[in-house]
Structure formats: structure tokens, C-alpha cells
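Chemist: Below: one structure in C-alpha cells.
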Amino acid sequence: MPLVPDAARDSLFLAPGATSVQRCARCGAITHETAATAECASCGGLLEIVHGAPDAHGAALLALFGLRCGMKPGSEPSGVWRYRELVMPSATDPVSHPEGNTPLIARGSVQTFARSAPLLLKHEGHNPTGSFKDRGMTVAVTQAKRIGARAVACASTGNTSASLAAYASHAGIPALVFVPRGQISLGKLTQSLAYGARTLLVDGDFDACLRLAREASRELGVYLVNSINPWRIEGQKTIVFEMLQQLGYDAPDWIALPAGNLGNTSAFGKALREAFALGMITRVPRILAVQAAGAAPFAASFVKHFATHEPVHAETLATAIKIGAPASWDRAVRAITETNGVVASATDAEILDAKAVIDASGVGCEPASAASVAGVRQLRDSGVIGEHERVVAILTGHVLKDPGIIQRYHQETEPRPARANRPIEIGATVAEVERVLKANGG
Ligand code: F0G
């Protein structure tokens, strides 16, 4: 004897136009779709949802979905190659994941924190390997493939290496990555291992890794894909193109981004220069590049109108931007100068504070990414960014890139960080769960 009458179990849909219901998969009992129950009130069985039949069938239904879909064959599934005329017009067979198509997000709590009501977040952590690096890497590895590179290489604070590892294995090209031993987050290191790159743990900091990678590439004929590689810059420009498109080409007043090796700052400058020249926008946003205070040679130079160029010994918890001798200096100076931009720096405490707010909004990002929002807050406080000026802050990497720092922040006791969300140990009783619920206003 079946527990459910066949007719009830088999009706995949209700009549067209009917409201969805919750139905018990065991006894067939039906409850309203808004009933707040996770199991069948009659028999305790598991529930399933049954919808009214859609009005359209067959080809008409497919056409309806197709109209809404940006991923259909023949469309442009990559948010980089969609702009290929401005990226690599001659590419015929891109090594694409696809990538890009990252969201623009508004979150009240982040806007309140940054004291900027119009603030939007463009979350590049939604890329396939969890950072904006994929936008440049799809182009650089496409180039490596078409020139027949024997191998590809990069130095990295973790995200470039994760991205290169993934795209090189997709292209079938051996990859060498140089990372500073003990100085990159576990999430990033494990990505490089998982995707199959030869992962070299170098006894030195990022700046030493980059020197070694440049030298080794020159001497061994390996194709270097750090952001000094111009194709990387072409791909990263699409962060700006896509953001402008999402805003209907009504450019914001400011674009804020974290800055380390200055490749992205350079890419944004080039993208805006081209977008303006091509009439895609009628006004150029100002770039706000934000460094970590312990790794801020570019910010120090900005204060002196770029008259100085002094590398520093870099120290910051935001390991992605722990860089003391940025490689793309000159082109970044041009980006800031041409856009009437600003370079700021944020302390680790300011970065972690901003990150805690972004994380608790449900958006989440890695530490370096939060520098952009910390910078916006600073410039709002000093009045450089006006109350009504529209700001887009770039979140460059995913929250899971650096779980270690999150664990430390929320469990730290001395001193306890302002926004710590400590885990709570309980005995396995409902009474203890209720105690927690009540203490939290539940
Ligand atoms: N944000 C994140 C998450 C990064 O990984 C990086 C750079 C930046 C910002 C700064 O961008 O270097 O173009 O100024 N990460 C590089 C890497 C250095 O090796 O992954 P930049």
C-alpha cells in the first residue's frame, strides 16, 4: 500500500493561476504556501512545494526564459568578452570561465557606516575564483595560449595566483606561482594547490616574489601574467565598463577601490579615459584609491603631489595589499591625476571595522576589499566626498578568501572588537537554545 495516493503524488502542478501550496510527500496533506511549518502537521513527513501550472508551455515557455537569460548560446556569457572590442578585438578562442557579471549592491547598514546614502558596492568576489583577478586573467591566459607559451607565471599575495592556477589549468598550460611563505591566506593558497599550479613558497615578501618571478620569466622564457602584463589591465577595465552599463552609463561621481600593486587603479584610469573618448560617458568619475596604512607608499606620495616615489616595508593584516613597492606606479599616477582622484590610506583597525559591517550586512568581503568602504567613510567625514555624491565602492574579493582573520576578529577577547559576534557554546538542550534566543531578543 503506498502511503500517498498516486494521484496526489503525481500532480506536478495545480490548475493554471493557482497559488503555490506546501504538500506532504508522505501523506499528501496540503497547507498554504505561507504556513510556518517545516514538516507535515498531520504525519511529520517532509513537505514539497507545488505551483500552479505556468500559462506558457513548450516552445513558448522556453522563449519566455530565453528572453530573460543572459547566458543563452549566442549571447555573451562573459562580462569581460562582451566588451572585446575594447579588450582584445582579435581574440578568436578566449579561455573563459565565463567571468564578470558581478552585482551592484545597495545595503543600508554599509551606507550608514560610510555616511554615504547613495553608496553602491560592486562585488568582484562573485567572479569564478572569488576575486576581480579573473577579469584580467581570462585575457592574459588567452594571450599565453595564442602565443604558444611553454608555461605561465606570476608573483602573488594570493588572488592572482588562485586565478592563474584556474585559468592555466583550463587552458592546459603549466603554471608557476610565487607566493610569500606564511603571508598569504589559507583560502587562497589552497585554491592554487587545488587548481593544480606549481606553488612556490618563497622565503621573502611579495616584492621579493615579484622580483624573482620577473627574473625567472625573462631567463626561462615563461610568460609573466602579473598586472604589469598589459593584457591583464585590458581585462580589468571591464569592471568599469560593466558598472557603467549597469548604471545606464550615468557615471557615478566617485569610484573607490583598494590599491596594492596599482594594476587595478591603472586599469580604471584607462577604462575611464577610453569610455569618455568613445562617448560612452559624458563625465569622468573621480578615482579614490585606498591603501592599507602599513603599506601606503602611493598615498604618501599623493600628499606630496607625486613628487616622491619611496618604497616602504609593508605591514598589514590585509595581506592582499601588503605591497611596499607597487609595480604599476606611473600609470596609476596618470589615473589619479587625470580623474582628479584621491589616494587615501586606512589603518588595519579601520579596515577590519568596515569589513565587519560589510560582512554583517550579509554581503561579506575579504579584508583588503573593505579598504574601499573605509576610504569612503574617511572622505565623507572630511567632506571631500559630498553628501549627495554617488559612489561605487569595489569589493575586490570574497569573504571566504580569508576565514582565519574572521575567526580571530570574532573570538578576540583583549580587547574585544566592537562588532565581535562570538560563537556560543551550549549544552544539547532546548532550554539552552531558548536562553540564547531570549538573550538576543527572539
Ligand atoms: N584587493 C584584492 C582582494 C587583491 O587581491 C588585490 C591585489 C588588490 C585589492 C589590489 O589590486 O594590486 O591591482 O592594486 N592582489 C594582487 C595578488 C597583488 O597577487 O593577488 P592592485
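Numbering-wise (my numbering), the sequence shown opens with residue 873 and increments by one. Note that the Cβ used here is the ideal one computed from N, Cα and C, for glycine as well.
Measure the alpha-carbon distance for A1172 versus A1192 and round it to whole angstroms.
Modeler: 19 angstroms
Chemist: Compute the beta-carbon to beta-carbon distance between G1141 and A1207, rounded to the nearest angstrom, for a pair I have assumed lies under 8 angstroms.
Modeler: Taking C-beta atoms under 8 angstroms as the contact rule, G1141 and A1207 qualify, at a distance of about 2 angstroms.
Chemist: Hey, quick one: how far does the alpha helix (DSSP H) through A983 stretch, first residue to last?
Modeler: With the sequence shown as reference, residue 983 is identified as Gln, and Ala is not the correct amino acid for it. Here the alpha helix (DSSP H) through Q983 covers G980 to A986.
Chemist: By alpha-carbon positions, which one of N999, N1098, E1286 and N1293 ends up nearest to Q1279?
Modeler: That would be N1293, whose Cα lies nearest to the Cα of Q1279.
Chemist: Distance check for F937 and D878, CA to CA, integer angstroms please.
Modeler: In this predicted model, D878 has a pLDDT of only 49, less than 50, meaning its place in the structure is not dependable; the value taken from the coordinates is given anyway. Straight-line Cα distance between these residues: approximately 31 angstroms.
Chemist: So is G1135 buried or exposed if we call it buried at 16+ other beta carbons inside 10 Å?
Modeler: buried
Chemist: Suppose contacts are defined by Cβ-Cβ distances below 8 angstroms. Is P1169 in contact with G1213 by that definition?
Modeler: no
Chemist: Under DSSP, the beta strand (DSSP E) around H1050 begins and ends at which residues?
Modeler: The question names His, but residue 1050 in the sequence shown is Phe. A1047 to P1052 is the span of the beta strand (DSSP E), which, as asked, contains F1050.
Chemist: Is any heavy atom of the ligand F0G found at a distance shorter than 7 angstroms from the C-beta of S838?
Modeler: No answer is possible for residue 838: the residues shown for the chain start at 873 and end at 1314.
Chemist: Grab the span of the alpha helix (DSSP H) containing I1223 for me, first residue to last.
Modeler: It spans D1220 to A1232 - the alpha helix (DSSP H) in which I1223 sits, taken as one unbroken run.
Chemist: Could you compute how far the alpha carbon of Q829 sits from the alpha carbon of G924?
Modeler: Shown here, the chain extends from 873 to 1314; a query on residue 829 therefore has no answer.
Chemist: Considering only heavy atoms of the ligand F0G, does any lie closer than 7 angstroms to the CB of T1110?
Modeler: no
Chemist: So, are the CB atoms of L1084 and F1050 less than 8 angstroms apart?
Modeler: Taking a C-beta distance under 8 angstroms as the contact criterion, L1084 and F1050 qualify as a contact pair.
Chemist: What is the rounded straight-line gap between the Cα of A935 and the Cα of P926?
Modeler: 13 angstroms
Chemist: Taking E1091 as the reference, which of A1025, A1190 and V967 has the closest Cα?
Modeler: A1025
Chemist: Within 7 angstroms: the Cβ of K1005 and any heavy atom of the ligand F0G?
Modeler: yes
Chemist: P1130 lies in the beta strand (DSSP E); which residues open and close that run?
Modeler: W1126 to P1130
Chemist: Tell me where the beta strand (DSSP E) around A1366 begins and ends.
Modeler: Absent from the model: residue 1366. The displayed extent of the chain is 873 to 1314, so no value can be given.
Chemist: Between T1285, S883, G917 and P888, which lies nearest to A897 when the distance is taken from Cα to Cα?
Modeler: Measuring from the Cα of A897, the nearest candidate turns out to be G917.
Chemist: Under the rule that 16 or more other beta-carbon atoms within 10 Å means buried, what is I1257, buried or exposed?
Modeler: buried
Chemist: Using the rule of at least 16 other Cβ atoms within 10 Å of the residue's Cβ for burial, across every protein chain shown, is M873 buried or exposed?
Modeler: Residue placement at M873 is flagged as unreliable, the pLDDT there being 39, under the threshold of 50; the coordinate-derived value follows with that caveat. Exposed is the call here.
Chemist: Which same chain residues end up closer than 8 angstroms to R1070 when comparing Cβ atoms and leaving out the 5 residues on each side of it in sequence?
Modeler: The beta carbon of R1070 sits closer than 8 angstroms to those of P1046, A1047, L1048 and V1049, all from its chain and outside the five residues before and after it, given in chain order.
Chemist: Can you list, in chain order, the residues of its chain with a C-beta nearer than 7 angstroms to that of Q1063? Leave out the 5 residues immediately preceding and following it.
Modeler: Cβ within range, chain order: T1001, A1034 and A1037.
Chemist: V1264: buried (16+ other C-beta within 10 angstroms of its C-beta) or exposed?
Modeler: buried
Chemist: Measuring from the CB of S1064, is there a heavy atom of the ligand GTP at a distance below 7 angstroms?
Modeler: Judged by which ligands are present, the ligand GTP is missing from the structure shown, whose ligands are the ligand F0G.
Chemist: With distance defined between alpha-carbon atoms, name the residue in G1132, L1251 and Y1039 nearest to I1100.
Modeler: G1132
Chemist: Please state whether the Cβ-Cβ distance between L976 and Q1118 is less than 8 angstroms.
Modeler: yes
Chemist: Taking DSSP as the reference, what is the three-state secondary structure of L1065?
Modeler: helix
Chemist: Using a 10 Å radius around the Cβ and a threshold of 16 neighbouring Cβ atoms, would you call G900 buried or exposed?
Modeler: buried
Chemist: Here's the rule: buried if 16 or more other CB atoms are within 10 angstroms of the residue's CB, otherwise exposed. What is T1029?
Modeler: T1029 should be labelled buried.
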